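A.B. asks:
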Amino acid sequence: MERTGAEQCIVNTFSRCVGNTGAAYRLGFPQLCLQDSALGVASTDNVTAFPAGITTGATWDKDLIYQRAVAIGKEFRGKGVNIYLGPTVGPLGRKPLGGRNWEGFGADPVLQAVAGSLTVKGVQEQGVIATIKHLIANEQEKYRMYSPLQAGYSSNIDDRTLHELYLWPFAEGIRAGVGSVMTSYNAVNGSACSQNSYLINGLLKDELGFQGFVMSDWLSHMSGVASAIAGLDMDMPGDTQVPIVLGTSYWMAELTRSVLNGSVPVDRLNDMATRIVAAWYKMGQDSSYPPPNFSANTHERTGLLYPAAALSPIGVVNEYVNVQADHYKVARQFAQDAITLLKNDDNLLPLSNSSILKVFGTDAAVNPDGPNACGSRACNKGTLGMGWGSGVADYPYFDDPITAIKKRADNVTFYNSDTFPSVPTTSQQDVAIVFLSSDSGENSFTVENNHGDRDASGFSAWHNGDKLVQDAANKFDNVVVVVHTVGPLILEPWISLPSVKAVLFAHLPGQEAGESLANILFGDVSPSGHLPYSIIKSASDLPSSVTTLQGGAVELGQVQDTYSEGLYIDYRYLNKHSITPRYAFGHGLSYTTFSFSNATIRSLTPLASLPPAPPAKGPTPEYNTSIPPAAEAYQPASFLPIWGYLYSWLPKSEADTARAIGVSGKSKYPYPPGYSTTPNPLPPAGGAPGGNPALFDNVFEISATITNTGKTYSGKAVAQAYIQFPDGIEWDTPVIQLRDFEKTGTLAPGESEVVTLRLTRKDVSVWDVTRQNWVVPDPQGRYKVWIGEASDSLVVVCYSDTGVCEMALKGPV
Numbered sequence: 001m002e003r004t005g006a007e008q009c010i011v012n013t014f015s016r017c018v019g020n021t022g023a024a025y026r027l028g029f030p031q032l033c034l035q036d037s038a039l040g041v042a043s044t045d046n047v048t049a050f051p052a053g054i055t056t057g058a059t060w061d062k063d064l065i066y067q068r069a070v071a072i073g074k075e076f077r078g079k080g081v082n083i084y085l086g087p088t089v090g091p092l093g094r095k096p097l098g099g100r101n102w103e104g105f106g107a108d109p110v111l112q113a114v115a116g117s118l119t120v121k122g123v124q125e126q127g128v129i130a131t132i133k134h135l136i137a138n139e140q141e142k143y144r145m146y147s148p149l150q151a152g153y154s155s156n157i158d159d160r161t162l163h164e165l166y167l168w169p170f171a172e173g174i175r176a177g178v179g180s181v182m183t184s185y186n187a188v189n190g191s192a193c194s195q196n197s198y199l200i201n202g203l204l205k206d207e208l209g210f211q212g213f214v215m216s217d218w219l220s221h222m223s224g225v226a227s228a229i230a231g232l233d234m235d236m237p238g239d240t241q242v243p244i245v246l247g248t249s250y251w252m253a254e255l256t257r258s259v260l261n262g263s264v265p266v267d268r269l270n271d272m273a274t275r276i277v278a279a280w281y282k283m284g285q286d287s288s289y290p291p292p293n294f295s296a297n298t299h300e301r302t303g304l305l306y307p308a309a310a311l312s313p314i315g316v317v318n319e320y321v322n323v324q325a326d327h328y329k330v331a332r333q334f335a336q337d338a339i340t341l342l343k344n345d346d347n348l349l350p351l352s353n354s355s356i357l358k359v360f361g362t363d364a365a366v367n368p369d370g371p372n373a374c375g376s377r378a379c380n381k382g383t384l385g386m387g388w389g390s391g392v393a394d395y396p397y398f399d400d401p402i403t404a405i406k407k408r409a410d411n412v413t414f415y416n417s418d419t420f421p422s423v424p425t426t427s428q429q430d431v432a433i434v435f436l437s438s439d440s441g442e443n444s445f446t447v448e449n450n451h452g453d454r455d456a457s458g459f460s461a462w463h464n465g466d467k468l469v470q471d472a473a474n475k476f477d478n479v480v481v482v483v484h485t486v487g488p489l490i491l492e493p494w495i496s497l498p499s500v501k502a503v504l505f506a507h508l509p510g511q512e513a514g515e516s517l518a519n520i521l522f523g524d525v526s527p528s529g530h531l532p533y534s535i536i537k538s539a540s541d542l543p544s545s546v547t548t549l550q551g552g553a554v555e556l557g558q559v560q561d562t563y564s565e566g567l568y569i570d571y572r573y574l575n576k577h578s579i580t581p582r583y584a585f586g587h588g589l590s591y592t593t594f595s596f597s598n599a600t601i602r603s604l605t606p607l608a609s610l611p612p613a614p615p616a617k618g619p620t621p622e623y624n625t626s627i628p629p630a631a632e633a634y635q636p637a638s639f640l641p642i643w644g645y646l647y648s649w650l651p652k653s654e655a656d657t658a659r660a661i662g663v664s665g666k667s668k669y670p671y672p673p674g675y676s677t678t679p680n681p682l683p684p685a686g687g688a689p690g691g692n693p694a695l696f697d698n699v700f701e702i703s704a705t706i707t708n709t710g711k712t713y714s715g716k717a718v719a720q721a722y723i724q725f726p727d728g729i730e731w732d733t734p735v736i737q738l739r740d741f742e743k744t745g746t747l748a749p750g751e752s753e754v755v756t757l758r759l760t761r762k763d764v765s766v767w768d769v770t771r772q773n774w775v776v777p778d779p780q781g782r783y784k785v786w787i788g789e790a791s792d793s794l795v796v797v798c799y800s801d802t803g804v805c806e807m808a809l810k811g812p813v
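Its first residue numbered 1, the sequence shown is counted upward by one per residue in UniProt numbering.
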């Protein structure tokens with residue numbers, strides 16, 4: 001069975017979820033259900049298919065992000081799921097063609113951190129344990145997994161880059177109290193993440209003070225004693241890399257043997273169990289928590305009670321509990337507020353109900369075979385609402401764009417083809433709406449020769465979408481392009497064509513793709529989404545280390561993915577090298593305009609080079625370290641094991657032999673040279689969940705008044721705050737870096753709202769690899785805080801040294 005190594009001497013019940021622990025009913029601990037996905041409860045019905053993470057990031061709306069998380073948490077609890085396998089903050093989005101970027105929130109550590117921590121908060125307030133993933137540097141799908149024949153790739157990252165980019169959102173998730181962390185498949189600096197002691201013990205549990213449990217990703221566990229010593233607490237799903245067929249595990253009975261023979265200390269085993277049970281108690285799951293009422297293995301009412309067994313009894317496995325409530329409202333609001341208007345020449349948008357519309361592209365209509373026709377959404381047919389792989393949910397229904405458009409406009413002709421058809425004579429008033437898509441997902445599936453990453457399609461729209469736009473632009477004077485995509489595309493083949501007047505990125509809207517888009521197209525609301533990544537003009541605009549997917553068609557050794565660009569990904573690289581993107585990170589237009597005024601900056605906490613020393617470590621549990629009696633590992637005489645399931649028991653002779661070795665002291669784990677059993681002092685950057693509490697002290701507070709200066713349309717504005725470090729410091733820093741953001745409510749013409757943005761001590765610090773601490777480079781220096789609606793449209797600057805703010809004559813980029 002799927003189980004954790006921490007749960008010895010546990011009797012299993014039948015399992016329904018994608019991951020299942022054992023149970024200890026004699027102690028009151030039930031089996032725990034672990035279930036995908038980050039955007040909704042996977043592999044079941046009567047749930048909501050929420051917009052994806054990348055769509056979430058595109059809203060730039062903290063309140064809405066939290067509402068989505070609350071709704072997701074309620075649905076997971078309602079289905080009886082104990083552990084939600086989300087949010088995803090790794091991959092960070094370093095590689096624009098990475099297959100799972102769409103599960104995360106954007107190509108910036110702060111955007112990821114804010115959305116990730118709010119998701120943790122909203123989900124866990126419903127009593128569900130959240131799992132922040134994947135630790136760490138799983139930035140491409142190709143060659144990610146270890147197998148008996150091939151090592152997963154190694155992400156080779158320097159210490160400063162690791163802290164300032166890739167670890168940043170994990171720190172915020174831990175600070176928010178996340179109960180679980182999932183390791184990634186790949187290696188970091190040559191050591192597999194599921195047994196990388198520096199990552200798990202050093203960074204996660206020591207420096208970041210993580211108190212919950214660390215689980216492996218599915219089938220990424222590859223050692224017994226080594227992973228236990230390195231800090232792994234839960235093995236999912238329990239098998240080796242060749243599951244079920246071999247019926248073996250690196251833990252199950254082998255962990256029992258390792259504890260009895262002294263290879264794994266008893267207190268390490270107890271620490272595993274304590275961390276899991278502590279998260280369970282923390283979320284209140286010991287009181288009136290519902291058991292699973294669905295099966296991830298079948299949609300039928302009845303099914304196998306033991307799905308992995310050779311023979312299994314059949315029973316009720318699906319109760320069809322509806323947990324949707326009115327969550328479609330949140331999903332629709334999300335899909336709508338994420339839509340990003342990139343271009344709107346001649347104010348072509350919004351359209352009127354009387355517009356003569358010609359709609360092109362299969363992406364406009366739901367898959368004719370049904371929205372869930374492709375398992376794990378592993379096809380790109382019809383409107384693209386989510387990518388593919390484990391990060392999906394089943395659609396309860398699919399509100400597609402063409403249906404919504406036909407409800408709104410009087411004269412609509414739909415050409416459900418990705419090849420431009422023969423079109424009758426057009427008039428200057430006709431508007432062509434062309435739908436494009438670009439898909440990606442896990443490398444468990446290959447879709448149209450894309451192996452998870454967009455390795456075949458690259459930055460181009462799928463299904464010859466670029467040509468479809470060109471052909472429409474040759475026929476019509478007014479073209480609107482709507483794009484459903486997992487990430488950035490290169491738009492150069494058509495973006496400058498005179499008749500291409502409007503472009504909307506609708507990202508991955510989930511089930512509410514139609515009305516949300518129609519509300520924007522027809523002007524019910526102004527678009528308020530902003531890009532969570534940059535859109536470049538050419539792949540050569542970024543370094544090859546991020547645009548190239550590492551590894552060829554066949555690899556014999558471990559693929560090396562070296563992060564030679566360091567801190568300079570996405571807009572950081574473009575700004576450093578004075579490269580103008582087609583559309584910058586944070587870009588997003590509206591049907592109205594906004595002004596920023598009355599900006600002020602206030603110093604809240606005096607700065608010194610180093611933060612105050614962290615508080616001392618609190619007391620830690622003290623466990624009995626004596627090797628337990630061998631009899632605790634004996635299989636009960638009356639118990640009948642089920643083939644294909646994993647148990648922690650040993651035959652009596654093997655348990656007796658193992659304990660005899662353990663008490664003799666002859667079996668010890670071969671710790672590396674320099675290892676000491678004396679605890680290390682507290683890291684200066686540690687001290688509490690997320691790190692030294694002083695790092696999160698607010699040091700600057702900036703306020704500004706945002707006014708809707710338009711005359712016709714209401715709208716929402718996004719204030720983005722970027723830090724520029726003082727000149728002359730010894731550390732190389734990006735020109736600007738996002739540090740906070742706020743979205744206004746809906747402002748009518750002439751209406752204003754004051755937004756407040758805050759910067760912490762960590763925000764104005766760099767990671768010093770020598771001191772192993774966060775350092776303020778120049779406490780009395782001039783930090784510039786730039787504010788605006790996009791990274792290339794910063795209209796206010798505030799100075800930390802003088803406390804003065806002014807309208808910028810020219811932004812820093």
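No residue lacks a Cβ here, since even glycine has one placed at the ideal position from N, Cα and C.
A quick note: this is a predicted structure, and the numbers were derived from the prediction, not measured.
What is the DSSP secondary structure of T88, reduced to helix, strand or coil?
C.D. replies: Position 88 of the sequence shown, counting from 1, holds the residue named residue 88. Strand at T88.
A.B. asks: Tell me which residue opens and which closes the beta strand (DSSP E) that T709 is part of.
C.D. replies: As a working mapping, residue 709 is identified with position 709 in the sequence shown. No beta strand (DSSP E) contains T709, which DSSP labels as neither H nor E.
A.B. asks: Between the C-alpha atoms of G361 and G93, what's the straight-line distance to the nearest angstrom?
C.D. replies: The residue given as residue 361 occupies position 361 in the sequence shown. The residue given as residue 93 occupies position 93 in the sequence shown. Cα-Cα distance, rounded: 28 Å.
A.B. asks: V47 to W388, Cα distance in whole Å?
C.D. replies: The count along the sequence shown starts at 1 and reaches residue 47 at position 47. The count along the sequence shown starts at 1 and reaches residue 388 at position 388. Using only the alpha carbons, I get a separation of about 18 Å.
A.B. asks: DSSP on M807, reduced to helix/strand/coil?
C.D. replies: Position 807 of the sequence shown holds residue 807. In this structure, M807 counts as strand in the three-state DSSP scheme.
A.B. asks: Can we say the region 133-149 touches the region 753-760, given the rule of at least three CB pairs closer than 8 Å?
C.D. replies: These segments do not touch.
A.B. asks: With DSSP collapsed to three states, give me the class of T592.
C.D. replies: Taking the first residue of the sequence shown as 1, we reach residue 592 at position 592. Coil at T592, not helix or strand.
A.B. asks: Of the choices Q511, V500, S249, L149, whose alpha-carbon is the least far from that of Q324?
C.D. replies: Translated into positions along the sequence shown, residue 324 becomes position 324. Closest option to Q324, Cα to Cα, is Q511.
A.B. asks: Between I157 and Y563, what straight-line distance do the alpha-carbon atoms span, to the nearest angstrom?
C.D. replies: On the sequence shown, residue 157 is found 157 positions in, with the first residue counted as 1. On the sequence shown, residue 563 is found 563 positions in, with the first residue counted as 1. Between I157 and Y563, the C-alpha separation is close to 5 Å.
A.B. asks: With distance defined between alpha-carbon atoms, name the residue in I723, K95, V796, E565 nearest to residue 840.
C.D. replies: Since the first residue of the chain shown is 1 and the last is 813, residue 840 is not available in this structure.
A.B. asks: What would DSSP say about G202, mapped onto helix, strand or coil?
C.D. replies: For the purposes of this step, residue 202 is taken as the residue at position 202 of the sequence shown. G202: helix per DSSP, three-state reduction.
A.B. asks: Would you grab the beta carbon distance between Y250 and M222 for me? Rounded to a whole angstrom, and I think it's under 8 Å.
C.D. replies: On the sequence shown, position 250 is the one that residue 250 refers to. On the sequence shown, position 222 is the one that residue 222 refers to. The pair is a contact, with the Cβ atoms about 7 Å apart (cut-off 8 Å).
A.B. asks: Starting from the C-beta of E492, find all residues in its chain whose C-beta is less than 8 Å away, skip the five residues before and the five after it, and write them out in chain order.
C.D. replies: As a first step, residue 492 is located in the sequence shown; it is residue number 492 there, counting from the start. Counting only Cβ-Cβ distances below 8 Å, and skipping sequence neighbours, we find K537, S538, R582.
A.B. asks: Determine the burial state of I433: buried for a count of at least 16 other Cβ atoms within 10 Å of its Cβ, exposed for fewer.
C.D. replies: As a working note, residue 433 is residue 433 in the sequence shown. When all chains shown are included, I433 counts as buried.
A.B. asks: Between the C-alpha atoms of A338 and L809, what's the straight-line distance to the nearest angstrom?
C.D. replies: One-based indexing of the sequence shown puts residue 338 at position 338. One-based indexing of the sequence shown puts residue 809 at position 809. Near 30 Å, if we compare the C-alpha coordinates of L809 and A338.
A.B. asks: Could you check what DSSP says for V323 in three-state terms: helix, strand or coil?
C.D. replies: Start at 1 with the first residue of the sequence shown, and residue 323 comes out as number 323. V323: coil per DSSP, three-state reduction.
A.B. asks: Quick one: give me the first and last residue of the alpha helix (DSSP H) that Q67 is part of.
C.D. replies: Residue 67 sits at position 67 when you count from the first residue of the sequence shown. It spans 62-78 - the alpha helix (DSSP H) in which Q67 sits, taken as one unbroken run.
A.B. asks: Flag this pair as yes or no: are the beta carbons of L468 and D394 separated by less than 8 Å?
C.D. replies: By 1-based counting over the sequence shown, the position of residue 468 is 468. By 1-based counting over the sequence shown, the position of residue 394 is 394. Against a cut-off of 8 Å, the Cβ pair of D394 and L468 comes out as no contact.
A.B. asks: Could you please give the first and the last residue of the uninterrupted beta strand (DSSP E) stretch that includes I729?
C.D. replies: Residue numbering aside, residue 729 sits at position 729 when the sequence shown is read from its first letter. Segment: none, I729 is in no beta strand (DSSP E) and carries neither H nor E.
A.B. asks: Our contact map puts H327 next to E75 with C-beta atoms below 8 Å; I'd like the distance itself, whole angstroms only.
C.D. replies: In the sequence shown, the residue the question calls residue 327 occupies position 327. In the sequence shown, the residue the question calls residue 75 occupies position 75. Right, their Cβ atoms sit about 7 Å apart.
A.B. asks: G303 by DSSP, collapsed to three states: which one?
C.D. replies: On the sequence shown, position 303 is the one that residue 303 refers to. The answer is strand: DSSP assigns G303 an E or B state.
A.B. asks: May I ask you to list the residues that DSSP assigns as paired with T678?
C.D. replies: Here residue 678 is taken as the residue at index 678 of the sequence shown, counted from 1. The partner list for T678 (beta bridge, DSSP) is empty, contrary to what the question assumes.
A.B. asks: In chain order, what residues of the same chain lie with their CB nearer than 6 Å to the CB of G566, ignoring the 5 residues before and after it?
C.D. replies: Along the sequence shown, one-based indexing puts residue 566 at 566. For G566, where only same-chain residues beyond five positions count, the Cβ hits under 6 Å are T161.
A.B. asks: Hey, out of L348, E442, D410, whose CA is closest to M386's CA?
C.D. replies: Indexing the sequence shown from 1 puts residue 386 at position 386. Measuring from the Cα of M386, the nearest candidate turns out to be E442.
A.B. asks: What's the C-alpha gap between D422 and R454?
C.D. replies: Residue mapping note: residue 422 aligns to position 422 of the sequence shown, counting from 1. Residue mapping note: residue 454 aligns to position 454 of the sequence shown, counting from 1. Note on identity: in this sequence residue 422 is Ser, with Asp being the wrong assignment. Near 31 Å, if we compare the C-alpha coordinates of R454 and S422.
A.B. asks: Taking only the alpha-carbon atoms, compute the straight-line gap between A599 and V181 and give it to the nearest angstrom.
C.D. replies: Residue numbering aside, residue 599 sits at position 599 when the sequence shown is read from its first letter. Residue numbering aside, residue 181 sits at position 181 when the sequence shown is read from its first letter. Computed Cα separation, rounded: 40 Å.
A.B. asks: Q772 to V188, Cα distance in whole Å?
C.D. replies: As a position in the sequence shown, residue 772 is number 772, starting the count at 1. As a position in the sequence shown, residue 188 is number 188, starting the count at 1. Cα to Cα, the separation comes out at about 19 Å.
A.B. asks: In angstroms, rounded to a whole number, what distance separates the CA positions of P424 and V392?
C.D. replies: As a position in the sequence shown, residue 424 is number 424, starting the count at 1. As a position in the sequence shown, residue 392 is number 392, starting the count at 1. Taking the straight line from one Cα to the other gives about 40 Å.
A.B. asks: Would you grab the beta carbon distance between P350 and Y591 for me? Rounded to a whole angstrom, and I think it's under 8 Å.
C.D. replies: What you label residue 350 is simply residue 350 of the sequence shown in a count that begins at 1. What you label residue 591 is simply residue 591 of the sequence shown in a count that begins at 1. At roughly 6 Å, the Cβ-Cβ gap stays under 8 Å, so P350 and Y591 are in contact.
A.B. asks: Closest to S544 by C-alpha separation, out of T59, C17, P96, S287, would be which residue?
C.D. replies: Taking the sequence shown and counting its residues from 1, the one referred to as residue 544 is at position 544. Selected option, being the one with the closest Cα: P96.
A.B. asks: On the three-state DSSP scale, how would you describe G523?
C.D. replies: Taking the first residue of the sequence shown as 1, we reach residue 523 at position 523. Reduced to three states, the DSSP call for G523 is coil.
A.B. asks: Which value, in whole angstroms, describes the spacing of the CA atoms of Y647 and A52?
C.D. replies: Counting from 1 along the sequence shown, the entry for residue 647 is found at position 647. Counting from 1 along the sequence shown, the entry for residue 52 is found at position 52. Taking the straight line from one Cα to the other gives about 37 Å.
A.B. asks: Starting from the C-beta of G5, find all residues in its chain whose C-beta is less than 6 Å away, skip the five residues before and the five after it, and write them out in chain order.
C.D. replies: Numbered from its first residue, the sequence shown carries residue 5 at position 5. Here the model assigns G5 a pLDDT of 37, short of 50, so the residue's position is not dependable, and the following value carries that caveat. Correct list, in chain order: D235, W251, L255.
A.B. asks: Are F585 and S534 closer than 8 Å when you measure CB to CB?
C.D. replies: Locating residue 585 in the sequence shown gives position 585, where the first residue counts as 1. Locating residue 534 in the sequence shown gives position 534, where the first residue counts as 1. Taking 8 Å as the Cβ cut-off, F585 and S534 qualify as a contacting pair.
A.B. asks: Going along the chain, which residues of its own chain have a beta-carbon closer than 7 Å to the beta-carbon of E806, five neighbours each way excluded?
C.D. replies: Within the sequence shown, residue 806 is the residue found at index 806, counting from 1. Once the five neighbours on either side are set aside, the close Cβ partners of E806 are V797.
A.B. asks: Determine whether the beta carbon atoms of S263 and A176 lie at a separation below 8 Å.
C.D. replies: Looking up residue 263 in the sequence shown gives position 263. Looking up residue 176 in the sequence shown gives position 176. Cβ distance not < 8 Å, so S263 and A176 don't count as in contact.
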